[in-house]
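A.B. asks:
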Amino acid sequence: MTVLPFGDAALLVTHEDPVALGAACRSAAFAGVLDVVPAAESVLLVCTPGTDLGGLRSAVETLEVRPVEALDAGSVGIAVTYDGPDLDEVASLTGLDRAGVVAAHTGTPWRVAFGGFAPGFAYLTGGDPRLHVARRSSARTSVPAGSVGLAGEFSGVYPRSSPGGWQLIGRTDAVLWDLDRDPPALLVPGAEVRFVES
Amino acid sequence: MITVLGTGAQALVQDLGRPGLAALGVGRSGAADRASLRLGNRLVANPPDAAAIEVLFGGLALRASRDLLVALTGAPAPASVDGRPVGHFALVPVRSGQELRLGVPTSGLRTYVCVRGGIAVPQVLGSRSTDLLSGIGPAPLEAGTELPIGPEPSEFPLVEVAPVAPPPAGLVTLRAVRGPHASHAVDPGGLATSPWVASDRTDRVGMRLEGATLEPADGAGTLPSIGLTRGAVQLPPGGEPVVFLADHPVTGGYPVIAVLEDAEVDRAAQIRPGQQVRIRLRPS
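Same order as they appear, the protein sequences are chains A and B.
Residue 182 in the working numbering sits at position 50 of the first sequence, with consecutive numbering throughout.
Residue 64 in the working numbering sits at position 61 of the second sequence, with consecutive numbering throughout.
Shown next as structure tokens:
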């Protein structure tokens, strides 16, 4: 764990398991912390201005971080029709065929690492490493809601129509973001995600 | 109730936002210039987080359908009630049926119209703020929009005028500290020594600085994403820094080379496109 300054009202904490660190920080309910932002290899603690960052740093450094069991954060199945416009490209990049890409994507569970990009968008990690592919060289100006994509080590589902550069392998009818639901996001950090072919 | 008769470039309902939801992909949002919102709310004796109207570059016109007590803060847009000039940073009574109109501000970018009782549109995820990046919160105001006003607060106004300086029209210097990725610029000190100009590619998400470029170091394009705050200064591949404002993305993958001091972000939100900007870096 490394704690780095991030202006006068936040601390950036790097950690090998940001989901577990984020959960530990939330449970600790540190005084002055307004938001806990898990990301790829770090957690950002956003504080009320005037918070004693030195004291917070000491508290974080002595925090006990336990791995988050998938059951704690729930498990979500997402049914996918694998007919995305980049499926052939992904097959070619990975050396698999279309059926092989589908088998790899559905074969092992993913886990929600962090959010960002859009409300309800979740960066999923821990899938089959053969599916690590670069983003498209140029982004699409409009990716339909429900598109299932790959980029780097991540998989993700677009909660709404937006521009995007991920390799699209399929689509789902699952509703990723619904303000009338609590929480509105279907996928919350730590949750296990299993893709199934519909 | 208030009836919007017309808006200029943009008019939004804003309070102090919805902190705590970044893990769901929802940023805090809220007033771009929080200090001006707080000041206006204090003048009309609202709670500090009451919702007001954030007006971009003047041009708002509205009609009161009951007697209102209003305070204008932020960018000093010439204002009138039924054609009679009224001041900023002061209590302004607007009688039922009267019209409040804002012209173009003489400096600054965003004027806050704070109404005693607050703008009482329904909350979304605990806030009445419009987040333009997330698409959450009330729609931008347009002619014909009707805005409910909340109940009278229990507190009463204590002062009639707040002696504050309006946003400056010339060079603005913003204090910052080095960010976690300062070393991912070839010359991180260049942020402090370059004469920046606020770009017209500036909105509630962020203010782009142009007039110089900072060269990203090798490997700057492959950093893992980190959480972002209002005031984070990011260096995209083109080398023109972006100062994130109220509707910033919750995470991002380009190097964060500096972070403005929190209070400075309110001043940054009043900088107009074309205005000169300097960043003063202090060691963190």
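Where is the CB? At the ideal position from N, CA and C, for every residue including glycine.
1. Taking three-plus beta-carbon pairs below 8 Å as touching, is the stretch 195-211 of chain A in contact with the stretch 138-158 of chain A?
2. Quick one, which of Phe253/A, Asp314/A, Met133/A and Arg262/A has its alpha-carbon nearest Val280/A's?
3. Can you tell me the Cα-Cα spacing of Ala163/A and Leu103/B, whole angstroms?
4. Counting contacts by CB-CB distance shorter than 9 Å, is Thr254/B in contact with chain A?
5. Mind checking if Glu173/A is an interface residue toward chain B, Cβ cutoff 9 Å exclusive?
6. Per the contact definition of three or more C-beta pairs closer than 8 Å, is the stretch 168-178 of chain A in contact with the stretch 220-230 of chain B?
7. Can you list the residues of chain A that Ser137/B reaches, using a CB-CB cut of under 8 Å?
8. Nearest-angstrom Cα distance between Leu166/A and Asp85/B?
9. Which residues in chain A sit within 9 Å of Val127/B, going by Cβ to Cβ distance?
10. Report the rounded CA-to-CA distance for Leu42/B versus Val145/A, giving the unit in angstroms.
11. Mind pulling the chain A residues with CB within less than 9 Å of Ser228/B?
12. Touching or not, the stretch 162-172 of chain B and the stretch 12-21 of chain B, by the rule of three or more beta carbon pairs under 8 Å?
13. Would Pro244/B be called buried (16 or more neighbouring beta carbons within 10 Å of its own) or exposed?
14. Mapping DSSP to helix, strand and coil, what is Leu65/B?
15. Against chain C, with Cβ distances strictly below 9 Å, would Val245/B count as a contact?
16. Note down the Cα distance separating Leu248/B from Leu263/B, rounded to an integer number of angstroms.
17. Going straight from the alpha carbon of Gly284/A to that of Leu112/B, what length do you get?
18. Does DSSP classify Glu285/A as helix, strand or coil?
19. Please give the ranges of any beta strand (DSSP E) in the stretch 219-278 of chain B, keeping only runs that are unbroken, at least 3 residues long and fully inside the region.
20. Compute the distance between the beta-carbons of Pro239/B and His187/B, then report whether it is under 9 Å.
21. Any C-beta of chain A within less than 8 Å: which residues of the stretch 24-35 of chain B qualify?
22. Hey, does Gly281/A have any beta-carbon neighbour from chain B nearer than 9 Å?
23. Secondary structure at Ala38/B, three-state DSSP: helix, strand or coil?
24. Use the C-beta contact count for Glu57/B: other C-beta atoms within 10 angstroms, 16 or more gives buried, fewer gives exposed.
25. Please report the straight-line C-alpha distance between Thr134/A and His147/A, rounded to a whole angstrom.
26. Figure out for me which residue from Thr216/B, Ala172/B, Thr254/B and Ala53/B has the closest Cα to the Cα of Ser132/B.
27. Note down, in chain order, each residue of its chain lying with its Cβ closer than 7 Å to the Cβ of Gly61/B, except the 5 sequence neighbours on either side.
28. Do the stretch 268-275 of chain B and the stretch 154-163 of chain B meet, that is, are 3 or more Cβ pairs less than 8 Å apart?
29. Over what stretch of residues does the beta strand (DSSP E) that includes Leu75/B continue unbroken?
30. Quick one: is Gly182/B near chain A, going by C-beta distance under 9 Å?
31. Looking at Glu329/A and Val212/A, is the spacing between their C-beta atoms short of 9 Å?
32. Give a yes or no on whether 9 Å exceeds the smallest Cβ distance from Ala306/A to chain B.
C.D. replies: On the basis of the coordinates in this document:
1. Yes, the stretch 195-211 of chain A touches the stretch 138-158 of chain A.
2. Along the first sequence, read from residue 1 onward, the residue named residue 280/A stands at position 148. The shortest C-alpha separation from Val280/A is found at Phe253/A.
3. Taking the first residue of the first sequence as 1, we reach residue 163/A at position 31. Taking the first residue of the second sequence as 1, we reach residue 103/B at position 100. C-alpha separation (whole angstroms): 42 Å.
4. Within the second sequence, the letter at position 251 stands for residue 254/B. At a cut-off of 9 Å, the C-beta of Thr254/B has a neighbouring C-beta in chain A.
5. Position 41 of the first sequence, counting from 1, holds the residue named residue 173/A. So, interface residue.
6. Flag = yes, the stretch 220-230 of chain B and the stretch 168-178 of chain A touch.
7. Here residue 137/B corresponds to residue number 134 of the second sequence, with the count starting at 1. In chain order: Ala250 and Pro251.
8. To locate residue 166/A, count along the first sequence from 1; it is residue 34. To locate residue 85/B, count along the second sequence from 1; it is residue 82. Going from the Cα of Leu166/A to the Cα of Asp85/B covers about 43 Å.
9. Taking the second sequence and counting its residues from 1, the one referred to as residue 127/B is at position 124. Result: Leu311.
10. Sequence index remark: in the second sequence, residue 42/B carries index 39 (1-based). Sequence index remark: in the first sequence, residue 145/A carries index 13 (1-based). CA-to-CA, the gap between Leu42/B and Val145/A works out to about 34 Å.
11. Position 225 of the second sequence, counted from the first residue, corresponds to residue 228/B. Within chain A, Ala171, Ala172, Glu173, Ser174, Phe246, Gly248 and Tyr255 have C-beta atoms less than 9 Å from the C-beta of Ser228/B, given in sequence order.
12. No: the two stretches stay apart, fewer than three of their Cβ pairs being nearer than 8 Å.
13. In the second sequence, counting from the first residue as 1, residue 244/B sits at position 241. By the 10 Å Cβ count, Pro244/B comes out buried.
14. Indexing the second sequence from 1 puts residue 65/B at position 62. It is a strand residue.
15. Here chain C cannot be found, since the structure's protein chains are A and B.
16. Against the second sequence, residue 248/B aligns to sequence position 245. Against the second sequence, residue 263/B aligns to sequence position 260. Approximately 10 Å, taken between the alpha carbons.
17. By one-based count along the first sequence, residue 284/A stands at place 152. By one-based count along the second sequence, residue 112/B stands at place 109. If you draw a straight line from the Cα of Gly284/A to the Cα of Leu112/B, it is about 40 Å long.
18. Here residue 285/A corresponds to residue number 153 of the first sequence, with the count starting at 1. In the structure shown, Glu285/A sits in coil (DSSP, three-state: anything other than H, G, I, E or B).
19. Entirely contained in the stretch 219-278 of chain B, the beta strand (DSSP E) runs reaching 3 residues are, in chain order, 235-237, 245-247 and 259-263.
20. For the purposes of this step, residue 239/B is identified with residue 236 of the second sequence, where counting begins at 1. For the purposes of this step, residue 187/B is identified with residue 184 of the second sequence, where counting begins at 1. Not a contact, by the Cβ cut-off of 9 Å.
21. Those residues of the stretch 24-35 of chain B that come within reach of chain A (Cβ to Cβ, closer than 8 Å) are Leu24, Ala25, Ala26, Leu27, Gly28, Val29 and Arg31.
22. Reading the first sequence from its first residue, position 149 is the one you call residue 281/A. The beta-carbon of Gly281/A is placed no less than 9 Å from the nearest beta-carbon of chain B.
23. As a working note, residue 38/B is residue 35 in the second sequence. Under the three-state reduction of DSSP, Ala38/B is assigned to helix.
24. Within the second sequence, numbered from 1, the residue matching residue 57/B stands at position 54. By the 10 Å Cβ count, Glu57/B comes out buried.
25. Position 2 of the first sequence holds residue 134/A. Position 15 of the first sequence holds residue 147/A. Counting only the Cα atoms, His147/A lies some 7 Å from Thr134/A.
26. One-based indexing of the second sequence puts residue 132/B at position 129. Selected option, being the one with the closest Cα: Ala53/B.
27. Working through the second sequence from its first residue, we reach residue 61/B at position 58. Excluding residues within five positions, the ones whose Cβ falls inside 7 Å are Gly11, Ala80, Leu105, Gly106, Val107, Pro108 and Thr114.
28. Short answer: they don't touch.
29. Translated into the one-based positions of the second sequence, residue 75/B becomes position 72. For Leu75/B, the enclosing beta strand (DSSP E) begins and ends at Leu71 to Gly77.
30. To locate residue 182/B, count along the second sequence from 1; it is residue 179. The beta-carbon of Gly182/B is placed less than 9 Å from the nearest beta-carbon of chain A.
31. Along the first sequence, read from residue 1 onward, the residue named residue 212/A stands at position 80. Along the first sequence, read from residue 1 onward, the residue named residue 329/A stands at position 197. Here Val212/A is near Glu329/A, since their CB atoms are less than 9 Å apart.
32. As a position in the first sequence, residue 306/A is number 174, starting the count at 1. Not an interface residue.
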